[in-house]
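Just so you know, the sequence shown maps onto residues 831 to 1057 in the working numbering. The beta carbon of each residue, even a glycine, is placed where N, CA and C say it ideally should be. A short write-up of the structure that comes next.
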Amino acid sequence: MREMFSRLAERYDLVNDVMSFGMHRKWKREAVRLAMDGLPRRPRVLDLCCGTGDMSFLASTGQASSVVGADFTLPMLRVAQRRARAQKRGPAFVAADALHLPFRDGAFDAVTVGYGLRNVADPQAALREMRRVLAPGGRAVVLDFGKPDNAVADALYQSYLRTMMPAVGWIFHGDPETYLYIPASLERYPAQRGVAQMMRDVGFENARYENRLLGTMGLNVGEAPVP
């Protein structure tokens, strides 16, 4: 997985725009807003599996007191750091494994992960780490591909994935199999309902989800208990 994302890093943002028709930017803004709104003080934010830093930069333009973007793919982090230098502002970016975060317990008030949990070897272990580094009353938000309940929507969604992914891979990388990891990963991923249950299992309270685009995208939210 690390090697694959290393190859995709330089064109990752452009391809995301093409595959989602730019809508991923709206969903990322919503995820950051859900994570930060209503917290009692200027939150310390961790953007996990940050990639090139989209959600990290969104958090840094809000009311956050500090933002850390963490990813285990160095080429992705280099793109994020280049963006930060160009903007002369932004988050701190660090190399870190989502399954073994190098942060103390309760170090953050909000944790976001956009399109990353699905690619982690053990999503429940990653959620457990997110819960560990959240301060009491903190909030975690997971944005990722979902699974529609409606059969017609699901059929259209699967058709889109089968046709769009090979086309994008061919156009941008000369290899139609480049993005087939997305539908393959969705076969294993528990999606919004399963993630909500996993969040409850590792100790989050008020675990819930919101659907976007007929459930093809899911926003999961959970909160760290207050003693």
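Residue i - containing alpha helix (DSSP H), residue span
i: TYR1058; result: Since the first residue shown for the chain is 831 and the last is 1057, residue 1058 is missing from the structure and cannot be characterised.
i: ARG872; result: From DSSP, ARG872 is part of no alpha helix (DSSP H); its letter is neither H nor E.
i: ARG913; result: 904 to 917
i: VAL862; result: 853 to 866
i: ASP884; result: 884 to 890
Rounded straight-line distance, which links the Cα of residue j to that of residue i
i: ASP1005; j: LEU991; result: 16 Å
i: LEU888; j: MET994; result: 28 Å
i: GLY852; j: ASN846; result: 7 Å
i: GLY868; j: ASP939; result: 11 Å
i: GLN988; j: PRO1057; result: 44 Å
i: ASP979; j: ASN1036; result: 22 Å
i: ASP843; j: PRO905; result: 13 Å
i: ALA955; j: VAL1032; result: 8 Å
i: MET849; j: PRO932; result: 33 Å
i: ASN1041; j: ALA1014; result: 21 Å
i: GLU1017; j: PHE975; result: 11 Å
i: ARG908; j: THR882; result: 8 Å
i: GLU1053; j: GLY892; result: 20 Å
i: ASP935; j: ALA965; result: 7 Å
i: GLN1027; j: PRO996; result: 32 Å
i: ARG1030; j: MET866; result: 20 Å
i: MET885; j: LEU1044; result: 23 Å
i: ASN1050; j: GLN911; result: 28 Å
i: SER895; j: ALA1021; result: 31 Å
Coil, strand or helix - residue i by DSSP
i: ARG969; result: strand
i: VAL898; result: strand
i: ALA937; result: coil
i: ASP927; result: strand
i: ALA1054; result: coil
i: ALA922; result: strand
i: VAL845; result: helix
i: PRO932; result: coil
i: ALA951; result: coil
Residue i: CB within 7 Å of a non-hydrogen atom of the ligand SAH
i: LEU1043; result: The ligand SAH is not among the ligands present in this structure, which contains no ligands whatsoever.
For residue i: DSSP bridge partner residues
i: THR942; result: ASP877 and VAL971
i: LEU1049; result: LEU973 and GLU1040
Any C-beta of chain C under 8 Å from that of residue i
i: VAL848; result: In summary, chain C is missing from the structure at hand, where a single protein chain is found.
Open item on the list: What ranges does the beta strand (DSSP E) occupy inside the stretch 963 to 1035, keeping only unbroken runs of at least 3 residues that lie completely in it?
Closed with: Whole beta strand (DSSP E) segments, 3+ residues: 964 to 975.
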